[in-house]
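What follows is one structure encoded as structure tokens, with my remarks underneath.
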Amino acid sequence: MPEIRVTPLGAGQDVGRSCILVSIGGKNVMLDCGMHMGFNDDRRFPDFSYITRNGRLTDFLDCVIISHFHLDHCGALPYFSEMVGYDGPIYMTHPTQAICPILLEDYRKIAVDKKGEANFFTSQMIKDCMKKVVAVHLHQTVQVDDELEIKAYYAGHVLGAAMFQIKVGSESVVYTGDYNMTPDRHLGAAWIDKCRPNLLITESTYATTIRDSKRCRERDFLKKVHEAVERGGKVLIPVFALGRAQELCILLETFWERMNLKAPIYFSTGLTEKANHYYKLFITWTNQKIRKTFVQRNMFEFKHIKAFDRAFADNPGPMVVFATPGMLHAGQSLQIFRKWAGNEKNMVIMPGYCVQGTVGHKILSGQRKLEMEGRQVLEVKMQVEYMSFSAHADAKGIMQLVGQAEPENVLLVHGEAKKMEFLKQKIEQEFRLLPDAKKPRLLHGTLIMKDSNFRLVSSEQALKELGLAEHQLRFTCRVHLHDPRKEQETALRVYSHLKSVLKDHCVQHLPDGSVTVESILIQAAAHSEDPGTKVLLVSWTYQDEELGSYLTSLLKKGLPQGAT
Amino acid sequence: MDPECSQLLPALCAVLADPRQPVADDTCLEKLLDWFKTIADAGSSLLLLQENPCLVTLLCPVLKPQDLSPRVLAFLLRLAGILAAQEDCFQHLQQGDLLPRLFGEAGPLGGAAWTAPTVRSGWIQGLCSLTQHPSALCFLAHSGAVDTIFSLQGDSSLFVASAAGQLLVHILGLSMQAPAEGHPSLQPAHWPACAQKIVGHIEESLRATATPQVTQALNVLTTMFSHCHDPWTQVLWVHLSPLVACLLEKDPVPAAHSLVDLLLSVARSPVLSSSSCGLWDTLAQTLSRLRASQAGPLALGILKLQECPKALRAQAFAVLLQPLTCVLEATTQAPGLPGSSGPGLQCGVAAIGPVASSEACAGRGGDPTDGELPLAWPPGSVGGTADAPLTAGMLLPSKAACVGLLCQTLAHLELLQPLPQRPSPWPWAPLLSAAVTILRLCNGSATPTSDTGTHLCAFLAGCVRVQRAALDFLGTLSQGTGPQELVTQVFAILLEYLTSPDSSPTVLKKAFQATLQWLQSSPKPSGGGDLEPHAQLFLRELLPVLPKRLCSPCWDVRDSGLEFLTQTVRRWGGQAGFRHALLASEVPELTEQLLRDPESYVRASAVAAMGQLSSRGLHIIPASPGHPGAQQKSLLEELLHILSTDSEGFPRRAVMQVFTQWLRDSHADVAADTEHFVARVLRVASQDLDWEVRAQGLELALVFLEQTLGQPSSSCPYAMTPPAAAPPSLVAQALQPFCRVQLFDFAFRALFDCDRPVAQKSCDLLLFLRAKTASYSDQQGSSSGPDVASLEAALQRWQAGDQGQPLGDLEPEAVVAVLRSLDLEGLRGALAESSDHAEQSPLSLLQDMLATAGILGENEADCY
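If you read the protein sequences in the order shown, they are chains A and B. Anchor point for the first sequence: position 495 equals 495 in UniProt numbering, and the numbering is continuous, going up by one each time. Anchor point for the second sequence: position 344 equals 344 in UniProt numbering, and the numbering is continuous, going up by one each time.
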């Protein structure tokens with residue numbers, strides 16, 4: 001039996017400050033490096049002294065893996081790498097790498113703004129920390145060193161969230177981070193193959209809950225916003241810059257469009273542009289519906305949501321404002337709240353968790369007279385609503401994941417002890433984690449015959465051993481175009497046409513005359529029989545199937561006359 | 001206690017004692033304990049209990065622990081400990097028989113609640129708090145708690161086990177306080193019973209065959225010798241050292257890491273290091289018994305000691321250096337290794353560590369050879385015994401071991417080098433040679449033919465981890481000098497790394513940093529100029545490489561390249577040779593292009609680089625190719641465009657930093673029309689959504705004020721010292737430019753900015769201005785005109801949160817009058833408190849906890 005040691009430095013039997021140290025096959029891996037928003041002192045970060053006592057951090061740890069961009073999973077990273085002194089590699093997915101510094105910067109600014117903290121990580125530290133990041137693709141096996149390999153799986157939850165398999169020799173651990181087994185408005189459901197790890201470390205936030213459908217919560221949200229706006233009130237939705245904000249923006253945008261509403265919606269952070277850019281860039285991480293409609297209508301280009309100016313808060317009439325920070329503890333959202341709190345027609349909707357001490361926490365617990373700076377008392381007459389949109393797997397989802405991965409052991413983290421106890425029993429009942437020899441099992445693998453031996457190994461392993469590259473599946477299609485010009489000129493016309501139509505895609509005209517759009521390759525050739533016709537050879541990978549089909553149909557319609 | 005809090009406390013205690021009421025979140029209980037600790041530290045806990053009997057009532061439910069949630073139970077145990085830390089309060093709780101039932105067998109101990117690690121941790125922390133006085137020691141002795149603590153040392157929870165060890169140290173220290181003061185030399189056999197029991201337990205653990213038990217004992221002793229330096233600790237070490245020495249006879253040595261920690265903590269103890277106690281022998285023996293990776297940290301620890309026998313230091317240094325010695329030996333056997341004939345490597349093999357000689361090996365510091373190290377140390381025998389010299393094959397047997405050991409060694413040497421107690425003479429040249437050799441092995445430019453060398457090559461080729469460590473170390477080595485030929489090799493290998501397409505982004509960043517360090521440490525040539533010829537030559541060779549890095553598809557490489565460029569221009573921008581080479585390269589043009597990079601970090605670094613280039617006159621505006629006569633947009637315009645339009649904060653903040661620096665340095669573009677420049681910048685910065693840009697706008701305004709009105713007269717810029725008297729007309733005249741650039745509109749509005757640092761900055765600025773105009777306002781008397789009234793009305797609107805229209809033109813007299821009437825000191829005080837002051841107050845905490853009770857739903861663990 002392999003020895004796998006797990007030491008939660010945070011989020012063992014609670015939520016916040018996720019940081020789990022795993023020792024497997026002589027390798028040490030840190031899973032997440034989060035912070036606890038509820039503390040303002042040393043306790044906000046995990047106690048790294050349990051690692052530093054083992055010698056230099058960079059020597060002791062083989063790598064750090066970050067599951068997603070939420071601060072309770074990555075908030076301590078610049079502190080850990082630039083102030084405690086970890087100098088090794090940090091792995092995360094591409095979207096997490098892109099978004100993580102925005103949230104860290106947002107958090108740093110709030111901390112410095114609110115408390116004037118001097119001994120805190122700086123912008124330069126965040127940047128230096130991000131330079132240590134190695135970004136990974138989904139399902140890509142990354143060799144950290146000769147013995148240690150990691151692989152990311154889709155986790156839903158937020159854009160770029162991933163579960164990670166950590167493998168040393170024949171021993172493996174899967175760490176889920178936060179995940180969601182049901183698709184939501186912009187993301188898909190978590191998925192993992194039957195990797196049968198020795199240990200599955202899974203979050204258990206909703207260990208005893210079967211959550212109602214998210215659709216109900218969304219309907220409720222829209223109904224409340226609509227009612228408030230109809231009665232002429234102003235709606236404040238405090239959010240963090242990225243994540244929940246985009247989900248709610250899509251909801252409101254679609255609703256406004258459908259109901260033909262005129263009240264303005266504003267987004268106050270000035271970050272929408274960047275957020276939308278990332279959602280477009282990582283469109284493959286969103287759910288099928290968004291990807292499918294992306295070419296016709298980009299869900300992240302909002303018609304009704306405009307940038308907020310501070311002066312707009314005084315405008316008469318109804319409006320909806322998304323403002324940061326999400327817990328109403330400083331900055332713009334708090335300023336707007338103070339301005340609007342006295343009017344009972346107005347409404348504040350808290351779409352996420354608030355830590356003790358913040359104004360958000362106080363109003364959610366029903367307090368209506370708040371002491372502000374200088375012992376001023378603010379009377380809250382506006383309507384206060386709480387709607388949790390957090391996307392975690394519920395008890396059913398956790399069981400489903402255990403069923404998918406078929407682990408030998410399960411370790412529950414990121415939840416409450418009492419609820420974990422209940423779920424533990426459920427898992428034991430249902431799965432009886434010890435392997436049952438008589439139970440039929442489906443195996444996926446490649447049989448290798450070598451030196452009179454047979455071995456069944458994973459496909460990746462087989463490819464690696466045989467030194468083969470994975471075969472890439474490409475679709476191809478021929479489109480006939482009536483164009484008497486030379487092939488190069490036709491290709492140039494195709495390029496100009498696509499460049500003008502596909503503004504959000506990377507369209508390139510290569511020196512060899514071919515045109516590319518993402519993975520799609522277009523080449524123009526002369527027709528063997530008809531000199532007035534050119535044949536366009538279009539080829540694309542299965543990942544870009546939708547865009548490939550769309551392009552083909554577009555080209556079949558011919559090129560506009562002006563395209564040169 | 002605040003009366004308002006006192007009023008709320010009974011209700012809160014009732015909530016906590018009610019098992020049906022869930023507690024909001026665990027941070028609340030932590031913060032509540034913080035508050036009780038502050039009260040207890042500041043006054044009498046007994047009084048606190050007497051004035052708030054609800055607290056005693058609260059502790060009673062612990063008697064039925066099965067009803068309480070583990071976290072509330074843990075909270076109560078810790079609270080009891082905090083209160084019982086004062087002896088009178090302890091007695092009070094004892095009278096009610098509360099403490100034995102909390103911490104004894106009748107309490108949670110042994111019950112179902114004990115299975116929760118939180119409860120065990122709370123129990124230990126409670127005991128740790130209350131063990132402050134002799135009565136507590138008697139209580140521990142009678143309650144049998146010490147035995148429980150012994151067993152908790154092996155707890156499944158790392159946190160509980162660690163806390164148990166610390167508690168044992170705490171108890172031992174307290175129980176030894178009284179007898180140690182009277183008879184420090186008493187032998188353990190005559191120590192108090194409690195101390196004897198703990199020492200007996202440690203002895204037993206040290207004799208155990210199971211490694212975890214030995215580790216526990218060593219960890220307890222380490223904590224003790226690190227924190228307690230009373231004379232009795234020397235007696236204890238003399239008593240226990242034979243048992244510790246016995247561990248060295250086992251093979252393998254058990255708990256080697258903990259043993260190293262213990263020996264170093266003993267060696268650092270002021271009580272023990274001066275006496276022999278056999279410690280130095282044990283250390284020497286340990287150095288020779290442990291594996292190289294285990295001995296490295298011990299060797300470093302020994303070399304960091306202030307006082308230590310010379311022979312031991314020499315042994316430790318040899319141990320530390322042995323991996324590098326092995327690398328050099330293995331590679332010099334290789335005929336094809338570049339540089340094998342050079343003086344560096346020759347010196348390296350013969351001299352690394354225990355050097356004899358050469359002046360070439362002595363560093364810039366000119367460390368005198370004090371005979372501390374043995375003068376002749378035969379090559380190959382370093383660290384090994386004469387019978388069995390350690391070779392690369394033995395020391396670096398596998399890739400993982402080789403990589404780990406080399407990284408550790410390089411990091412240890414990097415730590416040691418800046419310390420005053422580093423070995424002397426410091427072997428600069430051989431170390432340089434070793435670092436360069438390792439880097440060559442890593443990038444494949446070394447082609448050894450010997451077996452060991454080939455193995456090393458295979459282990460290290462392309463190893464990013466070793467490359468990073470070696471480049472860091474190489475950078476540190478720039479503090480000394482080696483022979484010219486070696487320095488040339490250093491620049492050559494750095495250039496190879498900077499040029500190579502195989503260098504990873506992190507390696508490139510380290511290579512840039514090491515390069516900068518080496519360039520900065522290059523001695524100035526005697527004939528003048530800023531760089532010695534070979535460094536100049538290097539920079540000229542590097543400049544053609546830089547464009548490739550600035551065009552890298554990886555943002556981090558482009559950024560590191562720009563950061564390097566900014567630093568080099570700042571340092572050598574005035575040097576003719578460098579200027580010429582830079583202007584002849586594509587670097588300035590590419591840097592300008594990077595102002596439009598898709599990555600905001602890169603745009604910000606490009607702004608900083610362009611600012612620096614322009615300050616040094618290295619930014620030439622190229623003529624537009626289509627229109628030879630027309631010039632492209634000036635850099636000032638380009639930066640203003642970024643400030644107005646860039647969607648992200650970093651580039652805009654970088655622009656503000658460049659502009660402020662330009663204003664300070666009277667940059668030509670600024671000096672042409674300073675007022676116009678300031679007005680344009682402030683207009684844009686004041687509207688920025690990023691508070692840091694607004695704050696930097698105020699910083700620029702302050703520089704402008706200082707330049708116009710003069711520097712602050714005292715060391716404290718905003719101290720209210722009487723300013724030099726100035727005629728009223730002159731002051732009014734001096735304030736006119738600020739009115740024209742709309743500085744006051746920005747500053748007054750910023751006083752009520754929703755972001756605190758902006759308001760603070762504005763407050764400071766206006767206080768400075770008021771100090772400067774004090775004499776003027778004194779002579780003018782009170783002023784009341786239409787301007788004053790409209791300004792005051794605007795201030796009131798802004799304070800109320802309205803944004804409103806800009807003020808328009810202001811008269812200096814009105815500004816001075818309003819400045820005088822504003823309570824800027826009061827505002828500054830209020831801002832210093834911040835909103836946290838109200839939110840984090842105990843009253844706020846109690847209100848929040850009470851408000852939350854009962855309304856929690858199913859998903860209280862909801863999160864992000």
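Heads up, the beta-carbon is just placed ideally off N, CA and C, and yes, glycines get one too.
Exposure label - residue i; buried when at least 16 CB within 10 Å
i	result
isoleucine 210/A	exposed
glycine 296/B	buried
arginine 770/B	buried
alanine 334/B	Note on alanine 334/B: pLDDT 39, under 50, position unreliable in the model; the coordinate value appears next. Buried.
tyrosine 601/B	buried
asparagine 346/A	buried
alanine 376/B	For alanine 376/B, the predicted model reports a pLDDT of 31, less than 50, meaning its position is unreliable; a value from the coordinates is still stated below. Result: exposed.
cysteine 506/A	exposed
glycine 415/A	buried
arginine 756/B	buried
tyrosine 864/B	With a pLDDT of only 48 at tyrosine 864/B, under the threshold of 50, the placement of this residue in the model should not be trusted, and no figure is reported.
Chain-ordered neighbours of residue i on chain B, where CB pairs are closer than 8 angstroms
i	result
aspartate 59/A	Gly404, Cys407, Gln408, Ala411
residue 566/A	In the structure displayed, chain A extends from 1 to 564; residue 566/A sits before or after that span and is not available.
Chain E residues whose Cβ lies nearer than 8 angstroms to that of residue i
i	result
glycine 445/A	Among the chains of the structure shown, chain E does not appear; the protein chains present are A and B.
Candidates the options, of which the one nearest residue i by Cα
i	options	result
proline 306/B	Gly444/B, Gly111/B, Leu419/B, Asp26/B	Rather than proline, the amino acid found at residue 306/B in this sequence is glutamine. It is Leu419/B.
cysteine 463/B	Cys407/B, Thr488/B, Ile493/B	Cys407/B
glutamine 177/B	Gly43/B, Asp230/B, Leu206/B	Asp230/B
valine 158/A	Thr182/A, Glu379/A, Phe39/A	Thr182/A
glutamine 160/A	Ala275/A, Lys262/A, Phe48/A	It is glycine, not glutamine, that sits at residue 160/A in the sequence shown. That would be Ala275/A, whose Cα lies nearest to the Cα of glycine 160/A.
valine 134/A	Asn119/A, Lys223/A, Tyr353/A, Gly88/A	Gly88/A
phenylalanine 45/A	Tyr153/A, Thr52/A, Cys33/A	Cys33/A
aspartate 251/B	Trp280/B, Thr286/B, Ser265/B, Cys228/B	Thr286/B
glutamine 246/A	Asp178/A, Pro351/A, Ile427/A	Pro351/A
glutamine 736/B	Ala814/B, Arg596/B, Gly111/B	Ala814/B
valine 703/B	Leu689/B, Phe677/B, Gln687/B	Phe677/B
serine 175/B	Lys197/B, Ala164/B, Pro270/B, Ala461/B	Lys197/B
threonine 7/A	Lys131/A, Phe475/A, His139/A, Leu21/A	Leu21/A
Chain B residues whose Cβ lies nearer than 7 angstroms to that of residue i
i	result
threonine 7/A	Leu158
Residue i Cβ short of 7 angstroms to the ligand SAH heavy atom set
i	result
threonine 131/B	Absence of the ligand SAH is noted for the structure shown, with no ligands found whatsoever.
Residues that residue i contacts on chain B, provided the C-beta gap is smaller than 9 angstroms
i	result
lysine 223/A	Correct list: empty, because the minimum Cβ distance to chain B is about 20 angstroms.
tyrosine 50/A	Leu158, Phe159, Ser162
Chain A residues whose Cβ lies nearer than 7 angstroms to that of residue i
i	result
lysine 509/B	Lys131
Beta-carbon neighbours of residue i, restricted to chain A and to distances below 9 angstroms
i	result
histidine 257/B	Arg53, Asn54, Gly55
Chain-ordered neighbours of residue i on chain A, where CB pairs are closer than 8 angstroms
i	result
tyrosine 297/B	A small fix is needed here, since residue 297/B is proline in this sequence, not tyrosine. By Cβ distance, chain A contributes Gly55.
What are the residues of the region 95-125 of chain B that lie near chain A, defined by any Cβ-Cβ distance shorter than 7 angstroms? Ala116
For the region 653-672 of chain B, enumerate the residues whose C-beta is nearer than 9 angstroms to any C-beta of chain A, in chain order. Arg653
Please identify, using Cβ separations under 8 angstroms, the residues of the region 135-156 of chain A that lie next to chain B, in order along the chain. Asp145, Asp146, Glu147
Using a beta-carbon distance cut-off of less than 8 angstroms, what residues from the region 9-20 of chain A approach chain B? Gln13, Asp14, Val15, Gly16
Which runs of the beta strand (DSSP E) at least 3 residues long sit entirely within the UniProt domain "Beta-Casp" (245-363) of chain A? Give them in chain order. 265-267, 305-307, 319-323, 347-350
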